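Numbering (the UniProt record's numbering), first residue to last: 1 to 385.
(1) Looking at the structure shown, is residue 344 part of a helix, part of a strand, or coil, going by DSSP?
(2) Please check the pair residue 65 and residue 97, which I expect to be a contact at CB under 8 Å, by giving their CB distance rounded to whole angstroms.
(3) Which residues mark the beginning and the end of the beta strand (DSSP E) in which residue 92 is found?
(4) Where residue 142 and residue 267 are concerned, what is the direct C-alpha to C-alpha distance, given to the nearest angstrom?
(5) Is it true that the CB of residue 158 sits closer than 8 Å to the CB of residue 131?
(6) Check whether the Cβ atoms of residue 57 and residue 310 sit closer than 8 Å, and answer yes or no.
(7) Alpha helix (DSSP H) containing residue 290: first to last residue?
(8) Could you tell me whether the Cβ atoms of residue 71 and residue 63 are closer together than 8 Å?
(9) Is the beta carbon of residue 117 closer than 8 Å to that of residue 38?
(10) Rounded to whole angstroms, what's the CA-CA distance from residue 107 to residue 281? Just pull it up for me.
(11) For residue 84, which of helix, strand or coil comes out of DSSP?
(12) Let me make sure I understand the geometry here. Which of 30, 293, 33, 246 has the alpha-carbon closest to that of residue 165?
(13) With DSSP run on the structure shown, which of helix, strand or coil describes residue 38?
(14) Could you work out which residue in 203, 204, 279 is closest to residue 213 when comparing CA atoms only?
(15) Counting along the chain, where does the beta strand (DSSP E) carrying residue 134 start and finish?
(16) Is it true that the CB of residue 148 sits closer than 8 Å to the CB of residue 167?
(17) Taking only the alpha-carbon atoms, compute the straight-line gap between residue 241 and residue 305 and give it to the nearest angstrom.
(18) Provide the residue(s) that pair with residue 186 in DSSP beta bridges, ordered along the chain.
(19) Span of the alpha helix (DSSP H) holding residue 229?
(20) Should residue 202 go down as buried or exposed, given a rule of 16 or more other Cβ atoms within 10 Å for buried?
(21) Have a look at 73, 154, 53, 79 and flag the residue whose alpha-carbon is nearest the alpha-carbon of residue 102.
(22) Residue 358 by DSSP, collapsed to three states: which one?
(23) Enumerate, from N- to C-terminal direction, the unbroken alpha helix (DSSP H) stretches of 4 or more residues contained entirely within the region 144-189.
(24) Of all the options 49, 75, 29, which has the alpha carbon lying nearest to the alpha carbon of residue 290?
(25) Would you identify the three-state DSSP class for residue 386, choosing helix, strand or coil?
(26) Going by the beta-carbon positions, is the gap between residue 210 and residue 161 smaller than 8 Å?
(27) According to DSSP, which residues form a beta bridge with residue 281?
(28) Should residue 302 and residue 80 be called a contact, given that it needs their Cβ atoms to be closer than 8 Å?
(29) Identify which residue in 261, 296, 276, 35 has its Cα closest to the Cα of residue 129.
(30) Helix, strand or coil for residue 221? Go by DSSP, reduced to three states.
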């Protein structure tokens, strides 16, 4: 295991203040309040395309540590929502570290404080924004990605598909020490052992489908977590760990794991030479260069939308379709068996960020304080008094 001095997180002190008592507009996001008892003390921001109808899909997007909803908007989901007619929700944490509490054993059940708040958000948006309950999906980066695994494990009746960027398997951690271990070291668990952590939790519901992303040069969350998640979710879905289809797409190797009907249940993207963050492709209209956004000519949001089955154009009037808002077409539903065009092989770049000692990044112009990871994980205790 790496020494504590090697891996640190840098907490950003330039977060945006919002008035929790009013609807607040900021860079395309609107704050939503009054969504429930909110035991996890989370905030909710949404992006709703103009003239959005009813029975619309919902994508819940969970930011990583030291980020907020405004930062995570840079992944590129909003342009896709405008082009294809769905709602995007950006939950936001309020602690000093800005992390979702994936490592807290109390959060690894349906009654966890943050889990409860997230489920209340979905229920509220179903009631007030016309969300189709059968098309609710979740995506997240780093701590947010680890929280995606939590939500898929404890609430597969709510979230039928998910996307995890640089995440950690469900049940890997039960506290501070084990949480740090999950981030920096590998496990000897078998697929059956990983799957057994999920099976008792969601045995009453069909298993969710999942798309996984990880950079091979991620020194914040070690890339061995990618295979561990593949092991976990293939077992939960009752399929083997041998990929049914493998393709090279630019810096990425994409593996698909299909069921007996040829439906992709697990999809894994390994990004050669890429660090910790969310792949974006600003030159092709996907996302922007901000903290933890990696310009590698691949659009993780577009691929997530494809995996969720959301890439249909919106009819705005008289049969005229709204164009794809600058995001290139050409991807297809994973069940169709077609392939994606090769995106080329650019040199991996962590654009718009300055690397810290441990591979995390520092936003330009913000005050930061280096804090060791175990202290970051302990922040949840302080928040609970």
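By construction, the Cβ of each residue, glycine as well, lies at the ideal position given by its N, Cα and C atoms.
Note that the coordinates shown come from a computational prediction; the quantities given were computed from them, not determined experimentally.
Inspection of the coordinates gives the following:
(1) For this step, residue 344 is matched to residue 344 along the chain shown. For residue 344, the predicted structure reports a pLDDT of 32, less than 50, and the residue's modelled location is therefore unreliable. A value from the coordinates is still provided. Note: residue 344 maps to coil in three-state DSSP.
(2) As a position in the chain shown, residue 65 is number 65, starting the count at 1. As a position in the chain shown, residue 97 is number 97, starting the count at 1. Between residue 97 and residue 65 the Cβ distance is about 6 Å, and since that is below 8 Å, they are a contact.
(3) Residue mapping note: residue 92 aligns to position 92 of the chain shown, counting from 1. First-last of the beta strand (DSSP E) with residue 92: 87-92.
(4) As a first step, residue 142 is located in the chain shown; it is residue number 142 there, counting from the start. As a first step, residue 267 is located in the chain shown; it is residue number 267 there, counting from the start. Residue 142 and residue 267: Cα-Cα distance of roughly 17 Å.
(5) Here residue 131 refers to the residue found at position 131 when the chain shown is read from its first residue. Here residue 158 refers to the residue found at position 158 when the chain shown is read from its first residue. No, the pair does not count as a contact, with Cβ atoms beyond the cut-off.
(6) The residue given as residue 57 occupies position 57 in the chain shown. The residue given as residue 310 occupies position 310 in the chain shown. Yes, they are a contact pair.
(7) Against the chain shown, residue 290 aligns to sequence position 290. Bounds of any alpha helix (DSSP H) do not take in residue 290, whose DSSP letter is neither H nor E.
(8) Translated into positions along the chain shown, residue 71 becomes position 71. Translated into positions along the chain shown, residue 63 becomes position 63. Yes, these two residues count as a Cβ contact at 8 Å.
(9) Here residue 38 is taken as the residue at index 38 of the chain shown, counted from 1. Here residue 117 is taken as the residue at index 117 of the chain shown, counted from 1. Going by C-beta atoms, residue 38 is nearer than 8 Å to residue 117.
(10) One-based indexing of the chain shown puts residue 107 at position 107. One-based indexing of the chain shown puts residue 281 at position 281. Approximately 33 Å between the Cα atoms of the pair.
(11) The sequence position of residue 84 within the chain shown is 84, counting from 1. Note: residue 84 maps to helix in three-state DSSP.
(12) Stepping through the chain shown from its first residue, residue 165 is reached at position 165. Taking only the C-alpha atoms, the option nearest residue 165 is 293.
(13) The residue you call residue 38 lines up with position 38 of the chain shown. Note: residue 38 maps to coil in three-state DSSP.
(14) Counted from its first residue, the chain shown places residue 213 at position 213. Out of 203, 204, 279, 279 has the C-alpha closest to the C-alpha of residue 213.
(15) For the purposes of this step, residue 134 is taken as residue 134 along the chain shown, with counting starting at 1. Here the beta strand (DSSP E) through residue 134 covers 131-141.
(16) One-based indexing of the chain shown puts residue 167 at position 167. One-based indexing of the chain shown puts residue 148 at position 148. Going by C-beta atoms, residue 167 is nearer than 8 Å to residue 148.
(17) Within the chain shown, numbered from 1, the residue matching residue 241 stands at position 241. Within the chain shown, numbered from 1, the residue matching residue 305 stands at position 305. So the alpha carbons of these two residues sit roughly 24 Å apart.
(18) Position 186 of the chain shown, counted from the first residue, corresponds to residue 186. BP columns for residue 186 are empty, so no partner.
(19) Reading the chain shown from its first residue, position 229 is the one you call residue 229. Per DSSP, residue 229 belongs to the alpha helix (DSSP H) from 224-236.
(20) The residue you call residue 202 lines up with position 202 of the chain shown. Result: buried.
(21) Sequence index remark: in the chain shown, residue 102 carries index 102 (1-based). It is 154.
(22) The count along the chain shown starts at 1 and reaches residue 358 at position 358. With a pLDDT of only 30 at residue 358, under 50, the local geometry of the prediction cannot be trusted, and no value is derived from it.
(23) Within the region 144-189, the runs of alpha helix (DSSP H) that reach at least 4 residues and sit entirely inside it are, in chain order, 176-184.
(24) Locating residue 290 in the chain shown gives position 290, counting from the first residue. Residue 75 is the option with its Cα nearest to residue 290.
(25) Only positions 1 to 385 of the chain appear in this structure, which leaves residue 386 out of reach.
(26) If you number the chain shown from 1, residue 210 lands on position 210. If you number the chain shown from 1, residue 161 lands on position 161. Cβ atoms of residue 210 and residue 161: closer than 8 Å.
(27) To locate residue 281, count along the chain shown from 1; it is residue 281. Paired residues: 286.
(28) Residue 302 sits at position 302 when you count from the first residue of the chain shown. Residue 80 sits at position 80 when you count from the first residue of the chain shown. Result yes, Cβ atoms of residue 302 and residue 80 sit closer than 8 Å.
(29) Position 129 of the chain shown, counting from 1, holds the residue named residue 129. With distances taken between Cα atoms, residue 129 lies closest to 35.
(30) The residue labelled residue 221 in the question sits at position 221 within the chain shown. Looking at residue 221 - three-state DSSP - the assignment turns out to be coil, as it is neither helix nor strand.
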